[in-house]
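Student: Chains as they are written, first to last, in UniProt numbering: chain A, 1 to 323; chain B, 1 to 323. Glycine included, every Cβ here is placed at the ideal spot set by N, Cα and C. The structure displayed is predicted, hence computed values, not measured ones. Below you'll find the structure I mean.
Protein chains: 2
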Amino acid sequence: MAVVTFNDVVNASNQISQYLHKTEVFTSEQADKKTGRCLYFKTENLQKSGSFKARGALNAVLKAKEKNIEINGVVTHSSGNHGQALAWAASVCSLPCYVVVPQTAPAVKKNAILSYGAELVECGLEPTDRYEACEKLEKEKNLEFIPPYDHVDVIAGQGTIGLEFLNQVPKLDAIFIPVSGGGMSAGIAIATKAIKPSIKIFLVTPKGKKLEECLRTGTRPWEGPPQYLDTIADGIRLQQTGYITTPILTDLVEKEVFEMSDEEMIEGMKFIFERMKLVIEAASGAAVAAAFSQKFRDMDNSIKNVGVILCGGNVDIDALPWY
Amino acid sequence: MAVVTFNDVVNASNQISQYLHKTEVFTSEQADKKTGRCLYFKTENLQKSGSFKARGALNAVLKAKEKNIEINGVVTHSSGNHGQALAWAASVCSLPCYVVVPQTAPAVKKNAILSYGAELVECGLEPTDRYEACEKLEKEKNLEFIPPYDHVDVIAGQGTIGLEFLNQVPKLDAIFIPVSGGGMSAGIAIATKAIKPSIKIFLVTPKGKKLEECLRTGTRPWEGPPQYLDTIADGIRLQQTGYITTPILTDLVEKEVFEMSDEEMIEGMKFIFERMKLVIEAASGAAVAAAFSQKFRDMDNSIKNVGVILCGGNVDIDALPWY
Chain A
1 MAVVTFNDVV
11 NASNQISQYL
21 HKTEVFTSEQ
31 ADKKTGRCLY
41 FKTENLQKSG
51 SFKARGALNA
61 VLKAKEKNIE
71 INGVVTHSSG
81 NHGQALAWAA
91 SVCSLPCYVV
101 VPQTAPAVKK
111 NAILSYGAEL
121 VECGLEPTDR
131 YEACEKLEKE
141 KNLEFIPPYD
151 HVDVIAGQGT
161 IGLEFLNQVP
171 KLDAIFIPVS
181 GGGMSAGIAI
191 ATKAIKPSIK
201 IFLVTPKGKK
211 LEECLRTGTR
221 PWEGPPQYLD
231 TIADGIRLQQ
241 TGYITTPILT
251 DLVEKEVFEM
261 SDEEMIEGMK
271 FIFERMKLVI
281 EAASGAAVAA
291 AFSQKFRDMD
301 NSIKNVGVIL
311 CGGNVDIDAL
321 PWY
Chain B
1 MAVVTFNDVV
11 NASNQISQYL
21 HKTEVFTSEQ
31 ADKKTGRCLY
41 FKTENLQKSG
51 SFKARGALNA
61 VLKAKEKNIE
71 INGVVTHSSG
81 NHGQALAWAA
91 SVCSLPCYVV
101 VPQTAPAVKK
111 NAILSYGAEL
121 VECGLEPTDR
131 YEACEKLEKE
141 KNLEFIPPYD
151 HVDVIAGQGT
161 IGLEFLNQVP
171 KLDAIFIPVS
181 GGGMSAGIAI
191 ATKAIKPSIK
201 IFLVTPKGKK
211 LEECLRTGTR
221 PWEGPPQYLD
231 TIADGIRLQQ
241 TGYITTPILT
251 DLVEKEVFEM
261 SDEEMIEGMK
271 FIFERMKLVI
281 EAASGAAVAA
291 AFSQKFRDMD
301 NSIKNVGVIL
311 CGGNVDIDAL
321 PWY
C-alpha cells in the first residue's frame, strides 16, 4: 500500500513553501467567549487559488515534473477547488493544464479555472464520463493525471498545513478539519501526530457520510458507486473517503465525527464573515460550527487550545447560502 | 488653529500600537493586471472593532485619561464605526462609554456597540438632538466628548495608518483614501508627506460631496447645516469635511478627487470579496473602484506603486448591496 510519511510532508514543505502563502492564524475574543476555549483559525481561504488545495496540487505537479522531465502537462477532473488549484500550480511550473468538467458546471467555476490559464475540456454528465475523458487526454497528450486527494504527493502537500499550524501555535490540543476525500485530514494527521502524538484530530462532515462507522469498524460502509451528499458545502460533498486516505484516517484520527447540518454551516460562515471579516465557503463554516457545537462543548475540558481549518473561500458571492 | 504634527502621529503610534493589529498589506496579481500598476491593499477591515476608527478613538481616550485622571468616561454620537471603535477603546482603558444613537438606528449597529460593553443612549431624529443629548451627558456625568474626526488626537491616531503603511511598502507613490469628515485622510497625509514629500494622496468620495471645489478654492462650498449624501457607503456619507481637517487636506492632498457611484463601489467590493476573500464595506469598495477607474488609468504612468486603504469591514452581511 502506498504510504505517506512525516518526511514526505517535510520534503513537500521544502519544495512548495516559496510559492505559497504562510497563511495567518486568526483569533477572536468572541469565539473564545462562546466556547470557553481558545480557538485558532488557520486562514487557508487566503491561500493561493482560494483554498488549501494549492498545496497538494503544487507538490504533485513538482514531483511529476521531477520524475518525468519530458512531461507535456497535467490533467484532472474537478470543477471545484482542486481544478482551480491545479490550474494555478501548473502555471507556476509553466506546464499546460487540462481540466475536465461536466457541460453543466457553473460559469463562475469555469471562469476561475480559465483565469489561471488552464484549458477546459467538457464532458458528459455521467460520473464515468469524466474518468474516460481524463484517461483519453492523459494518453493522447502524454499528461500526468493529478487526482484531487487519493495520491501520496497530494496528501503530503496538504500535510504542510499541519507543520505550519503547529509551528505557529505549538500548544494546539486539537484540530477540526472538514473532510471530503480525506487528503487534507490525512496529511495534517500525519504531520501533527508525528510532532505531537497527544494532539486530537476531529473530522467534520455533512450529514450522511457514514465516516464514523468507517472509522469505528475499519471497513468501508459505502455501497455502490461514489455518491454526492445533499449539502450546501460543495467542497465536502463526496460521500466516500479514498483508498489511500481512509487507512491513514482510521489509524490516526478521533473516532467521533462531527456531522454538521446546512444551518449550522451557515451559522459558522456568518460568524467568520461578521466577526473576522473573512469570506469563507460552507466547508470552512462546517469546521467553525463543529468547534461551536454542543457535542464539543460536552467533551473533555482539558482540550483547551483548538485549531480550526478555514479550508477555502471559493463561494459564489452572488449566491451566498443565507440569501 | 489646532494643528497636528508628524510628531503627534509618532507619539500616537507609541501609545496605541500595543493594543492594535498591525494590519497586513495584501496584493493581487489580478488587480495589478487590471491596472497595469502595483496595488497594495492595507487591510484596516481586519483592525480591532472592524475599522481604522479604533486607532483614533483609542489615542483620544488615552490622551483624555492622561489629561484628566479623574475622568468618569467618554461619550460620542455615532451609530457607525466611530461608535463601535470608541466602545472598544473605552473597554481597553477600563472606562465607561456612552454612545448616543437615534431611536431608528438599525439593531445590528446597536448590538455591535453593546457587544463592546458601551451604554446606548437613544435620542430624537433631528440632527440637533444628538448634539444636545451628548452635551447633556457630558456635563451630568463629567465625561469627555470624543468626536468622530474633528479632533487632534483622533487625527493623530488615524495617521498611524500612514506610518505603518510606508514602513511596510516604502516605495508607495500614491495612496487612495475614502473620505467622510477627513480625519483619516488628514492623519495619513500628515504622516506620509513628512516621510516622503513626493507621495500623492488621492481622496475618494461618493457623488455630490463638492470636495474638489473645496480643495481647489480653499473655501467651504457647502451651504446650510451638515447633510448626508445619497450613497450606499454609510461610512462616508457626510457631505462636509471638518474645520480642523479641511485646511490640512487643502494643504497636503491632490486636487483631483475621485467621486464614485454606488455601482462602482459595489464592483470594488465584489472584487475584494471574490479575489482576496475579505469582507469590506462600501467605503472600502470606493477606494478600490477609484484605483481601478478610467480617471486614474488616464493619469501619469510614473505613479507605479499604489496604496489602497480598505478602511473597514462593517457591512450588514444580511443586506449586501448587490442583493
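Going by Cα to Cα distance, which pick from A:Ile161, A:Pro247, A:Lys196 and A:Gly73 is closest to Thr217 of chain A?
Tutor: Measuring from the Cα of Thr217 of chain A, the nearest candidate turns out to be A:Pro247.
Student: Name the chain A residues that come within less than 7 Å of Ile317 of chain B, Cβ to Cβ?
Tutor: Lys270, Phe273 and Glu274
Student: Just the chain B side, please: which residues come within less than 9 Å of Val204 of chain A by C-beta, in chain order?
Tutor: Ordered by position in chain B, no residue passes the 9 Å Cβ test against Val204 of chain A, which lies about 20 Å from the chain.
Student: To the nearest angstrom, how far is it from the Cα of Leu62 of chain A to the Cα of Val315 of chain A?
Tutor: 28 Å
Student: Just the Cα atoms here: how many angstroms apart are Val99 of chain A and Ser51 of chain A?
Tutor: 17 Å
Student: Express the C-alpha separation of Ile113 of chain A and Gly83 of chain A in angstroms, rounding to a whole number.
Tutor: 7 Å
Student: Using a Cβ cut-off of 7 Å, which residues of the segment 39-65 of chain A contact any Cβ in chain B, in chain order?
Tutor: Asn45, Leu46 and Gly50
Student: Is it buried or exposed for Ser94 of chain A, if we count other Cβ within 10 angstroms and need 16 for buried?
Tutor: Counting of Cβ neighbours within 10 angstroms places Ser94 of chain A among the exposed residues, the total staying below 16.
Student: Out of A:Ala31, A:Leu125 and A:Gly157, point me to the one whose CA is closest to Glu274 of chain A's CA.
Tutor: A:Ala31
Student: Which residue comes first and which comes last in the alpha helix (DSSP H) that contains Met299 of chain B?
Tutor: Where Met299 of chain B is concerned, there is no enclosing alpha helix (DSSP H), given that its DSSP letter is neither H nor E.
Student: Does Ala282 of chain A get closer than 8 Å to chain B when you measure Cβ to Cβ?
Tutor: no
Student: Pull the bridge partners of Met265 of chain B from the DSSP assignment, please.
Tutor: Partner(s): none; Met265 of chain B has no beta bridge.
Student: I'd like to know if the segment 287-303 of chain A and the segment 165-178 of chain A are in contact, where contact means that at least 3 CB-CB pairs between them fall below 8 Å.
Tutor: yes
Student: So, does the CB of Tyr149 of chain A fall closer than 8 Å to a CB anywhere in chain B?
Tutor: no
Student: Would you verify that the beta carbon of Lys277 of chain A is, or is not, closer than 8 Å to some beta carbon of chain B?
Tutor: yes
Student: When you check each C-beta in the segment 297-314 of chain B against every C-beta of chain A, which residues fall closer than 7 Å?
Tutor: Gly313
Student: Restricting to Cα atoms, I'd like to know which of A:Ala283, A:Phe271, A:Gly313 and A:Trp322 is closest to Leu238 of chain A.
Tutor: A:Ala283
Student: Nearest chain B C-beta to Tyr323 of chain A closer than 8 Å, yes or no?
Tutor: Taking 8 Å as the CB threshold, Tyr323 of chain A lines the interface with chain B.
Student: Rounded to whole angstroms, what's the CA-CA distance from Pro197 of chain A to Gln294 of chain B? Just pull it up for me.
Tutor: 57 Å
Student: Could you say which of B:Ser17, B:Leu125, B:Lys34 and B:Thr231 lies nearest to Phe296 of chain B if we only look at CA atoms?
Tutor: B:Lys34
Student: For Thr23 of chain A, which three-state DSSP category applies?
Tutor: coil
Student: Name the residue from A:Thr43, A:Gln18 and A:Ile146 whose alpha carbon lies nearest to the alpha carbon of Gly56 of chain A.
Tutor: Closest by C-alpha distance to Gly56 of chain A, out of A:Thr43, A:Gln18 and A:Ile146, is A:Ile146.
Student: Which value, in whole angstroms, describes the spacing of the CA atoms of Met1 of chain B and Ala290 of chain B?
Tutor: Residue placement at Met1 of chain B cannot be trusted, given a pLDDT of 47 that sits under 50; what the coordinates show is reported in the next sentence. Looking at the two C-alpha atoms, the distance is approximately 32 Å.
Student: Tell me which same chain residues have a C-beta within less than 6 Å of the C-beta of Val92 of chain A, skipping the five on either side of it?
Tutor: Tyr19
Student: Just reading off the alpha helix (DSSP H) that Ile161 of chain A is part of, what are its end residues?
Tutor: Boundaries of the alpha helix (DSSP H) around Ile161 of chain A: Val152 to Gln168.
Student: Helix, strand or coil for Leu125 of chain A per DSSP?
Tutor: For Leu125 of chain A, the three-state secondary structure derived from DSSP is coil.
Student: According to DSSP, simplified to helix, strand and coil, what is Thr104 of chain B?
Tutor: coil
Student: Assuming contact is defined by CB atoms lying nearer than 8 Å, are Val152 of chain B and Val4 of chain B in contact in what I supplied?
Tutor: Taking 8 Å as the Cβ cut-off, Val152 of chain B and Val4 of chain B qualify as a contacting pair.
Student: Which complete alpha helix (DSSP H) runs does the segment 44-107 of chain B hold, if anything under 4 residues is left out?
Tutor: 53-67 and 81-92
Student: Consult DSSP for Glu132 of chain B and reduce its assignment to one of helix, strand or coil.
Tutor: helix
Student: Does DSSP classify Asn305 of chain A as helix, strand or coil?
Tutor: strand
Student: I need the straight-line Cα distance from Val121 of chain A to Ala60 of chain A, nearest angstrom please.
Tutor: Taking the straight line joining both Cα atoms gives about 21 Å.
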